[in-house]
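*Asks:* Okay, here's the structure, questions in a sec.
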Amino acid sequence: MIKPLEGKVTVVTGATRGLGKGIAIGLGEAGATVYITGRSLDPATGEGELSGSLRETEAAVEAAGGLCIPVQVDHSDDDQVRSLFDQIQSDFGHLDLLVNNVYAGVQALMNAQGRPFWESEPSFWDACNNVGLRSHYVTSVLAARMMTPRQQGLICTISSWGGLSYIFGVPYGVGKSGCDRLAAEMAVELKPYNVASLSIWPGIVGTEQMSSMADQMAASETDDRQFSGFRERYNWETPLLTGRAIAALAADPTVMQHTGRVQIVAEVAQRYGLVDEDGTSPASLRSLRFLLPFAVPQLRPYANLVPNLNLPWSLMLLSRLGAPRLG
């Protein structure tokens, strides 16, 4: 089996569980050496603690065919982040791919759900954007210092549709818009050095936390049609699909054609002929195949019969706040 990323050195931040774990596994499948970061090195033993650890992700990456190096890092501590890149420099002397994924705002978002921003403390902003937008900038600085002298590399920053449309509140949306601008602005300065910078938008990803929320909704007696698609896991993606999409981008010798632009995971998967973990091909959230059955639940069993045509960004933006460069 061809391993397109064999010999490539990669970093995935925030990879103890969820999207980061799936990305690391996807890179492992492609044969990469994957440094993974997170605060939990070993599996949690306390009752009620979130599952997931660097050791568990390491085992999954190596089972997929990659070499995994777990490094315990608190991304709110710049010195720990610098030590990570010093280690990579000492171990390999180069870096080919950085995936900015780490995020610490999920619990704060859940705590603030349903409340306007002024009813939360200003620290809500920091919870969403310190280990998130700011930490992505820090790791990108250190990665660029390794990539630019070799005139090759790729930086992928995980963002979301929240950068385009209101989803989880003010700090979240501004942070995701910031991630998109970060990727676009870095692309301008990195382009002369042949280093690409992309913003990555997954669809609705069935992480451990999202699955738990869907289970709770399904068990409740609420019949809110707005959340019926969520309860039914309609058009969900697994974290692995994002990993496979990023691996394909990293292996593409023409990736510089996309630098500075948003890359939607489902559309990247379609471009490279990728499928999800269960062999399915989720539709982009701007595709008629997603939008029509989402609006008309009776169509969901027949979603594959709906044309997989993406709405133009100009049409989608008529009811949105605005957008970064898209493509």
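Per my numbering, residue 14 is the first one in the sequence shown, and the count goes up by one each step. Think of the CB as a built atom: it goes at the ideal place given N, C-alpha and C, for glycine as much as any other residue. Since this is a predicted model, take the numbers as computed values, not measurements.
Measuring alpha carbon to alpha carbon, tell me which of Gly219, Val22, Ser136 and Arg194 ends up nearest Gln165.
*Replies:* Among Gly219, Val22, Ser136 and Arg194, the Cα nearest to that of Gln165 belongs to Val22.
*Asks:* In chain order, what residues of the same chain have a beta carbon less than 8 Å from the beta carbon of Val94, not counting five sequence neighbours either side?
*Replies:* These residues qualify, in order along the chain: Val86, His88, Ser148, Val151, Thr152 and Leu155.
*Asks:* Quick one: what does DSSP say Ser178 is sitting in, helix, strand or coil?
*Replies:* Residue state, collapsed to three classes: coil.
*Asks:* Which of helix, strand or coil does DSSP assign to Ala336?
*Replies:* With a pLDDT of only 47 at Ala336, under the threshold of 50, the placement of this residue in the model should not be trusted; the figure read from the coordinates follows. Looking at Ala336 - three-state DSSP - the assignment turns out to be coil, as it is neither helix nor strand.
*Asks:* Run through the DSSP bridge pairs and tell me what Ser210 is partnered with.
*Replies:* According to DSSP, Ser210 bridges with Ile168.
*Asks:* For Pro295, which option in Asp90, Thr255 and Ser66 has the closest C-alpha, if you only look at C-alpha atoms?
*Replies:* Checked all of Asp90, Thr255 and Ser66; the closest Cα to Pro295 is Thr255.
*Asks:* When you compare only the Cα positions, how much space is there between Ala336 and Arg30?
*Replies:* With a pLDDT of only 47 at Ala336, under 50, the local geometry of the prediction cannot be trusted, and the value read off the model is given with reservation. Whole-angstrom Cα-Cα distance: 29 Å.
*Asks:* Quick check: the stretch 283 to 300 against the stretch 183 to 197, are at least 3 beta-carbon pairs closer than 8 Å?
*Replies:* The stretch 183 to 197 is not in contact with the stretch 283 to 300.
*Asks:* For Ala347, collect the residues of the same chain with a Cβ closer than 6 Å to its Cβ; drop the 5 residues on either side in sequence, then sort them by chain order.
*Replies:* Since the first residue of the chain shown is 14 and the last is 340, residue 347 is not available in this structure.
*Asks:* Please report the residue range of the beta strand (DSSP E) in which Gln85 lies.
*Replies:* Here the beta strand (DSSP E) through Gln85 covers Leu80 to Gln85.
*Asks:* Select from Tyr185, Phe98 and Ser172 the residue whose C-alpha is nearest the C-alpha of Gln120.
*Replies:* Comparing Cα-Cα distances from Gln120 to each of Tyr185, Phe98 and Ser172, the minimum goes to Tyr185.
*Asks:* Give me the residue from Lys204, Gly219, Asp193 and Leu203 with the minimum Cα distance to Ser212.
*Replies:* Checking every option, the nearest Cα to that of Ser212 belongs to Asp193.
*Asks:* Relative to the C-alpha of Ser327, which candidate in Arg299, Ala196, Val319 and Leu318 has its C-alpha closest?
*Replies:* Nearest C-alpha to Ser327: Arg299.
*Asks:* Quick one: grab the DSSP three-state call for Asn248.
*Replies:* It is coil, neither helix nor strand.
*Asks:* Considering only their Cβ atoms, is the gap separating Glu250 from Gly273 smaller than 8 Å?
*Replies:* No, these two residues do not count as a Cβ contact at 8 Å.
*Asks:* Terminal residues of the continuous alpha helix (DSSP H) containing Asn113?
*Replies:* Taken as a continuous stretch (DSSP letters only), Asn113 belongs to no alpha helix (DSSP H), being part of the beta strand (DSSP E) at Leu110 to Asn113.
*Asks:* Beta-carbon within less than 6 Å of Glu280's beta-carbon, same chain only, minus the 5 sequence neighbours each way: which residues are those?
*Replies:* Hits under 6 Å: Ser297.
*Asks:* At a cut of 8 Å, does the stretch 159 to 177 reach the stretch 196 to 204 through at least three beta carbon pairs?
*Replies:* At 8 Å Cβ cutoff, the stretches touch.
*Asks:* So, under 8 Å CB-CB, Ile101 and Cys81 are touching, yes? Tell me the CB distance rounded to an integer number of Å.
*Replies:* At roughly 13 Å, the Cβ-Cβ gap does not stay under 8 Å, so Ile101 and Cys81 are not in contact.
*Asks:* Given this structure, state the Cα-to-Cα distance separating Phe105 from Phe98, to the nearest angstrom.
*Replies:* Spanning the two alpha carbons is a distance of roughly 10 Å.
*Asks:* Could you tell me the alpha carbon to alpha carbon distance between Asn323 and Ala261, rounded to whole angstroms?
*Replies:* Cα to Cα, Asn323 sits roughly 21 Å from Ala261.
*Asks:* With a CB to CB cut of under 7 Å and the five nearest residues on each side skipped, what residues in its chain are close to Ser133?
*Replies:* Only Ala125 meet the Cβ criterion.
*Asks:* Compute the Euclidean distance between the alpha carbons of Asp55 and Leu67, then round it to the nearest angstrom.
*Replies:* Approximately 6 Å, taken between the alpha carbons.
*Asks:* Consult DSSP for Tyr48 and reduce its assignment to one of helix, strand or coil.
*Replies:* Correct three-state label for Tyr48: strand.
*Asks:* Can you grab the Cα-Cα spacing for the pair Tyr116 / Gly182, in whole Å?
*Replies:* One C-alpha to the other measures close to 16 Å.
*Asks:* By Cβ distance, which residues of its chain are closer than 7 Å to Ala380, with the 5 residues on each side in sequence left out?
*Replies:* In the structure as shown, the chain begins at 14 and stops at 340. Residue 380 is therefore absent and cannot be evaluated.
*Asks:* Let me know the secondary structure DSSP gives Asn323 once reduced to three states.
*Replies:* Strand, per DSSP.
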